[in-house]
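Please read the structure below before turning to the comments.
Number of protein chains: 2
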Amino acid sequence: MNATGIDVPKTSSTFGPWFSQVVSRSEMIDYYDVLGCYILRPWSYLTWEEIQNYVNARIKRMGVKNSYFPLFVSSDALRKEEDHVEGFSAEVAWVTRVGQKRLEKPIAIRPTSETVMYPLMAKWIRFHRDLPLKLNQWSNVVRWEFKHPTPFIRSREFLWQEGHTAHATKEGAEKEVLEVLDLYASVYEELLACPVIKGRKTEREKFAGAVYTTTVEAFVPTNGRGVQGATSHYLGQNFSRLFKIEFQDDTRHDDGTSAKQHFVWQNSWGLTTRSIGVMVMVHGDDKGLVMPPRVAPVQVVFVPIYFSNADENQRINDAVEAYAGALSEADVRCETDLRTLYTPGWKYNHWELKGVPIRIEIGPRDLRRNQVTGCRRDTGVKFTLAQDDVVQGTLDMLETIQRDMFAKAKADCDARLKTCLTWAEFMVLVNQGNRVLVPFCEEEQCEDQVKERSRIEAENVDEDDESAAALADRGDFEMLTGSAKSLCIPFAQPDLPASSVCFACAHPAKSWTMFGRSY
Amino acid sequence: MNATGIDVPKTSSTFGPWFSQVVSRSEMIDYYDVLGCYILRPWSYLTWEEIQNYVNARIKRMGVKNSYFPLFVSSDALRKEEDHVEGFSAEVAWVTRVGQKRLEKPIAIRPTSETVMYPLMAKWIRFHRDLPLKLNQWSNVVRWEFKHPTPFIRSREFLWQEGHTAHATKEGAEKEVLEVLDLYASVYEELLACPVIKGRKTEREKFAGAVYTTTVEAFVPTNGRGVQGATSHYLGQNFSRLFKIEFQDDTRHDDGTSAKQHFVWQNSWGLTTRSIGVMVMVHGDDKGLVMPPRVAPVQVVFVPIYFSNADENQRINDAVEAYAGALSEADVRCETDLRTLYTPGWKYNHWELKGVPIRIEIGPRDLRRNQVTGCRRDTGVKFTLAQDDVVQGTLDMLETIQRDMFAKAKADCDARLKTCLTWAEFMVLVNQGNRVLVPFCEEEQCEDQVKERSRIEAENVDEDDESAAALADRGDFEMLTGSAKSLCIPFAQPDLPASSVCFACAHPAKSWTMFGRSY
Chain A
259 MNATGIDVPK TSSTFGPWFS QVVSRSEMID YYDVLGCYIL RPWSYLTWEE IQNYVNARIK
319 RMGVKNSYFP LFVSSDALRK EEDHVEGFSA EVAWVTRVGQ KRLEKPIAIR PTSETVMYPL
379 MAKWIRFHRD LPLKLNQWSN VVRWEFKHPT PFIRSREFLW QEGHTAHATK EGAEKEVLEV
439 LDLYASVYEE LLACPVIKGR KTEREKFAGA VYTTTVEAFV PTNGRGVQGA TSHYLGQNFS
499 RLFKIEFQDD TRHDDGTSAK QHFVWQNSWG LTTRSIGVMV MVHGDDKGLV MPPRVAPVQV
559 VFVPIYFSNA DENQRINDAV EAYAGALSEA DVRCETDLRT LYTPGWKYNH WELKGVPIRI
619 EIGPRDLRRN QVTGCRRDTG VKFTLAQDDV VQGTLDMLET IQRDMFAKAK ADCDARLKTC
679 LTWAEFMVLV NQGNRVLVPF CEEEQCEDQV KERSRIEAEN VDEDDESAAA LADRGDFEML
739 TGSAKSLCIP FAQPDLPASS VCFACAHPAK SWTMFGRSY
Chain B
259 MNATGIDVPK TSSTFGPWFS QVVSRSEMID YYDVLGCYIL RPWSYLTWEE IQNYVNARIK
319 RMGVKNSYFP LFVSSDALRK EEDHVEGFSA EVAWVTRVGQ KRLEKPIAIR PTSETVMYPL
379 MAKWIRFHRD LPLKLNQWSN VVRWEFKHPT PFIRSREFLW QEGHTAHATK EGAEKEVLEV
439 LDLYASVYEE LLACPVIKGR KTEREKFAGA VYTTTVEAFV PTNGRGVQGA TSHYLGQNFS
499 RLFKIEFQDD TRHDDGTSAK QHFVWQNSWG LTTRSIGVMV MVHGDDKGLV MPPRVAPVQV
559 VFVPIYFSNA DENQRINDAV EAYAGALSEA DVRCETDLRT LYTPGWKYNH WELKGVPIRI
619 EIGPRDLRRN QVTGCRRDTG VKFTLAQDDV VQGTLDMLET IQRDMFAKAK ADCDARLKTC
679 LTWAEFMVLV NQGNRVLVPF CEEEQCEDQV KERSRIEAEN VDEDDESAAA LADRGDFEML
739 TGSAKSLCIP FAQPDLPASS VCFACAHPAK SWTMFGRSY
C-alpha cells in the first residue's frame, strides 16, 4: 500500500526532503540504480504529454516540423565548435565499446543536437527558397552533471524538445527567438500556472556557442531559489560559418553581379521535463502535489460516501458513474474511486497527495438533495453543485482554480523580487530568499567575483544582521547556502538612474540584472 | 534543388539501390556520419506521429499508461536474465567514460527495457489489486548490429514503443498478447495497407527470455523477402522469478491458510519505425513513394496550371486556396504548390516521388467548368470532381485508395505464399521469391541446418533448374542470396496430413511453418 501522505512540511529548511517525498509518494517519479536517472511514471508523464500537445500545436502553426536525429555524435562533429564543445565536454558520456569489441573511435551521446543537425542543414540548404528551415525533435539527451542530481530539475538524462531553425535574415531569426520565448512563457504561465520573468542571460551564463540566450526564469518562493525555465538561443552565424550552412540568394544584385552566397542565421531552443519539477515546487503544499487543472492527469476524482444501506450505496455508485460519464463527455479527465477497501478519509489523503484539482463527494444527503459536494485542492474550500450544473460548474471551477493558482504564485513571486543599489543591501535581500535587481556592469570577471563573494558571505552570515539571524532562527538555512548568480537581464527594465554604478564593482552599470540563488 | 525522380526501377535485382534512392530522395531519411544511424526527416516522422496517435488511442483504451524509463542499464540489472542478456550482449553499446573520467562500472544503453523496468515493477507490485500493471514507453533503443544496416529496417538506433505488462493470471497475460498482436496487425493492414500473417515464432527465433513470441510477418513481393513486422511476447514467469515480482492474493484459502505470494505473469511487446520501411518497400514504385492516405504527411497536393493571363492565374490561385481551405476544414492534410519557379511537370514528378495519394490540378478549363481534375498516385488514373463534390469526393477517393492499395498488396503477397512437402520443392519455391509453408519438426537443430543448407544451395543454384535459371536470367539475383529461415508458425494452419514428416529432416512434423528469405 502506498503512503497516504508526506511527513515533512514544505518549509525552506525542509524543502529538499519535502520535494523528494512529494515527487516519489505521489507516484510521479521513482529512483533508479543509475545515479541521476529517474523514472517518469504515468502520473508525471501524462503532464509531459499535455505539454507536448500544447507545444506541438503552437510550433506547427509556426511552420516547425518534427523529425528525429541520432542519439550519437561523432567526435569530429562534436569538436567542430570550440566554445560549444568546451561548454559541454566535462558532461559528455562516451560509448567506447560494443559487446566485447572496442570501437575505433569513441562516440558521444548527444548533450544537445547542434553538432548532430547542422552538418545535415548544410546539405539541405542551397537556395534562398529553402529557408526558413524549422525543425524540432522530442528526444532524450544526456548531460552527466556532477552536481547533486534532483528529480526533474537536474538529471543526467532528461527529455526535452529542441528546435533548430535557419533563416535568411538576422531579423527573421531574432524575431523567432522571441516568438519561441513567448511560447515558453505561456507553457509556464498558462499551463503550469507558474509566473516567469523573460530576459537575456549574461555573457557568463549564455549557451555555449550562442550570440545571446533568452530565458524564462521561474522562482520557488519557499526556498527563494530561481530556476531557469527554458531558453531560446540566437546563434547568429556562429555555427553556420563552421558547418558551412550557406544559401544562394535568388536575385541579381544592383552591381550587376549574379547570385551571392550567404551564411544562414540560426536559433536553437529547448524546453525540458524540468518544467514539471518547477510546477511541483511552486504549487505543492504540506499535503503533497497541487496540480494545475490544465496539466493534471486527473482533473476530477469522485469519492462516494457509503453508508450501511446497500441499495443506497448502489444508487450512489450509479450517480458517480453518471456524473463521471457526463464530465468525460465534456473532455474532463475523471477518475472514480469506488474501492471498498479504503475509507473516504484515506481516499481524500491519497488524491490530495496526488494533487487532483477537484474532489467530488457523493453521499446519501447529496443524493437526496440532487447535488454534489466539491472540494478544491488548491484552497481546501468546499462547494456544492446542483445536479443540472455539475458539468458546467465543474468546467468553470477548473478554470477558476487554474487562474487562482497562477494569481497566488504570481503574488508570492512578486513579493520576493527586490531592487537595491549596493552590495550590503544585496546580500541581506538574497539571504532573505529574494531575487534582486541590481545595476550591473555585465562583466564576466565581476560576475565570477559575485559568485565567489556571495558564497563566502553566506557561510559567515553576520549574526548581528537581524534579518539573516531571524531566518536562521526559523531554520531557513537553505536560503543561505550556495552562490548567488545572475539569473537574467529582464526585458522589463526599471529606469536606470544616470549615475548608477555596478552594485558589485562600482564600474559603470549597463543594466538592471536579476541575481539570486538558483538551481 | 532536389532530384525530381529516381533512376533505378523497382525490380528484385535493383531493389537495394531503388530503396536507398526512394527513402533519401523523397526526403524521408538522410544518411549520417555514424554508420547505421539515420535521420528521420519530417516526411517520415509525420508518418510515425500518425502511427503513434493510432497506437496511443488503442492502448489507452486497454488501460495502458505511458511513462519513461532511463536510457541506461546497470550491468548488474542487464545480466540478471541469462538467456535474455545472451540474446543481446554482442549488440550492446557501453558507456565507459564521461568527459575525461573513466566510470567505475560501465553502463549499458538499453537494447530493450525488460531489465530496466522489472526491478521497479517488483517494487510497485505488492497486492492482487495492483494488477494488471500496464506500462508503455515511446523511446529510442540501440542494438549495434553488425549486419548490413538498412534505413528503417535495420538501424543501430531505432524508435519504438515498448509495452510491458504484469498480470495476476496466465490467462490474463496470454489474452493480452493476442490483443496487442491484433493491434499490430491493424497498424500494418488498416494504416499502412500492408498485409501481414499472424503467428508464433519458433523456439529458435523467439525473443530471448520469452516463453513464446507472437509476430505479424510482412512481405515484400518485389524481392520475395519476409520482414518481421512487430512482436508481442509472452514472458510467463521467466522474468518475474528473477526480478522477484510477486503479489499477495486477497483471499483466504480453503485450506485455512492466509494470503499467498505469487509471481506475476508478464508480456512485452514492441512496434518500431521499421514499419515505415515495410510500407515503402511494399507500395513504392518506379516513380518513388506511394503513401497510403491514412499515414501520408500530405494527402492531397494542389498544382495550379498557369497560363499567360495574370488575372486568370490569380483566379486559379484563389480557387486552389478555397478548395484547400475547405479540405483542411474536413481534416484532410493539404498542400498547395504555388511556386512559379517550377513547371507543372516538375511538380508532378516531385509529389509523385514523395508519394502524395492525390494530386489535384486546376487550370483555366477546370475553372470554366467548375470542376477539378484529380490524379491517383497509386494507379495514375485521372478523375474529375464537380465543384460541389470536391470535399466529399476527395474523402471518398482517399478511402478508395487506402482500400485498393491494401487489396493490391494482399493479392501480390498471397500469390507468393506456397505450400510444399519436400526439400527439393522448397528450394525451388524459395529461390523464386516465395514464402513457403512446410511441415516442420520445430527442432532448433533442424532449423539451423535449414539455414545452412539453403544458403549453400542458393549459392550453387542448379543451372538446370528452369525456374531458378529463369530468375537469374531476369536478373533477380537478390532472391537467391542469404539463408532461408523460419518466419513464423501461422495461427491459420492448413490441415496437416496425418502422415506428414518434416520437409527437412524427415522426423515427425509438428506444424506447418512458414519459411523464407527475410530481412
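Protein sequence lines correspond, in order, to chains A and B. Start counting the first sequence at 259; every next residue gets the next number (the numbering used here). Start counting the second sequence at 259; every next residue gets the next number (the numbering used here). Heads up, the beta-carbon is just placed ideally off N, CA and C, and yes, glycines get one too. This one's a predicted model, so the numbers in the text were calculated from it and none came from an experiment.
A check of alpha carbon separations from Arg552 (chain A) across A:Glu657, A:Asp636 and A:Gln572 identifies A:Glu657 as the nearest.
Between Gly487 (chain B) and Val474 (chain B), the gap from beta carbon to beta carbon is short of 8 Å. When rounded, the separation of the alpha-carbon atoms in Met549 (chain A) and Asp576 (chain B) is 47 Å.
In this structure, Leu653 (chain A) and Thr677 (chain A) do not form a Cβ contact; the two beta carbons are roughly 41 Å apart against a cut-off of 8 Å. Per DSSP, the unbroken alpha helix (DSSP H) holding Ser333 (chain B) starts and ends at Ser333 to Leu336. Contact annotation: Phe385 (chain A) and Gln279 (chain A) have beta-carbon atoms that are not nearer than 8 Å. For Tyr290 (chain A), there is no enclosing beta strand (DSSP E), as DSSP marks it with neither H nor E. Considering only beta carbons, no part of the region 621 to 636 of chain A lies closer than 7 Å to chain B. What Ala762 (chain A) touches in chain B, judged by beta-carbon distance under 8 Å, is nothing: the nearest beta carbon there is about 31 Å away.
With the criterion set as a beta carbon lying under 8 Å from some beta carbon of chain A, the members of the region 322 to 333 of chain B are Lys323, Asn324, Ser325, Tyr326, Phe327, Pro328, Leu329, Phe330, Val331 and Ser332, in sequence order. Secondary structure at Leu529 (chain B): strand, using DSSP grouped into helix, strand and coil.
The residues Arg483, Gly740 and Ala742, in chain order, have a CB closer than 6 Å to that of Arg775 (chain A) in the same chain once the five nearest residues on each side in sequence are set aside.
A Cβ of chain B is located within less than 8 Å of the beta carbon of Tyr290 (chain A).
At a C-beta separation below 8 Å, Ser586 (chain B) has no neighbours in chain A, since its nearest C-beta there lies roughly 13 Å away. Burial state of Pro697 (chain A) is buried, judged by a 10 Å Cβ sphere holding 16 or more other Cβ atoms.
Residues of the region 364 to 395 of chain A with a C-beta less than 9 Å from any C-beta of chain B: Pro364, Ile365, Ile367, Val374, Met375, Pro377, Leu378, Lys381, Trp382, Arg384, Phe385, Arg387, Leu393 and Gln395, listed in chain order. By alpha-carbon distance to Ser490 (chain A), the top candidate from A:Pro602, A:Gly528, A:Phe477 and A:Ser758 is A:Gly528.
In the three-state scheme derived from DSSP, where H, G and I count as helix and E and B as strand, Met772 (chain A) is classed as strand. A Cβ-Cβ contact shorter than 8 Å links Pro328 (chain B) with Ile297 (chain A). For Pro752 (chain A), the CB contacts under 6 Å within the same chain, skipping 5 residues up- and downstream, are Trp770 in chain order. Phe277 (chain A) counts as buried, since at least 16 other C-beta atoms from the protein chains shown sit within 10 angstroms of its C-beta.
Less than 8 Å separates the beta-carbon of Asn324 (chain A) from that of Tyr303 (chain B). Asn692 (chain A): not part of any alpha helix (DSSP H); DSSP gives it neither H nor E. DSSP, reduced to helix, strand and coil, places Val708 (chain A) within a helical segment of the structure shown.
Chain-order list of chain A residues neighbouring Tyr312 (chain B): empty, with the shortest C-beta distance near 15 Å, by a criterion of under 7 Å.
The continuous beta strand (DSSP E) containing Glu593 (chain A) extends over residues Cys592 to Thr594. Out of A:Tyr442, A:Cys746, A:His425 and A:Asp508, the CA that lies nearest to the CA of Tyr492 (chain A) is found in A:His425. If only uninterrupted beta strand (DSSP E) runs of at least 3 residues are considered, those enclosed by the region 469 to 507 of chain A are 470 to 478, 483 to 494 and 504 to 506. Ala764 (chain B) sits in coil when the DSSP states are folded into three classes, being neither helix nor strand. In the displayed model, Gln519 (chain B) falls within a strand according to three-state DSSP. Inclusion of Leu745 (chain B) and Met772 (chain B) in the CB contact set at 8 Å is warranted, their separation being smaller than that value. Rounded to the nearest whole angstrom, the CA to CA distance from Leu679 (chain A) to Ile365 (chain B) is 50 Å.
DSSP places Gly467 (chain A) outside both helix and strand once states are collapsed to three, so it counts as coil. Taken through DSSP and simplified to helix, strand or coil, Thr269 (chain A) comes out as coil. When the Cα atoms are used, Phe501 (chain B) and Ala380 (chain B) turn out to be separated by approximately 7 Å. Apart from the 5 residues on each side of it in sequence, Val438 (chain A) sits with its Cβ closer than 7 Å to the Cβ of Gly421, Ser490 and Trp527 in its chain, given in chain order.
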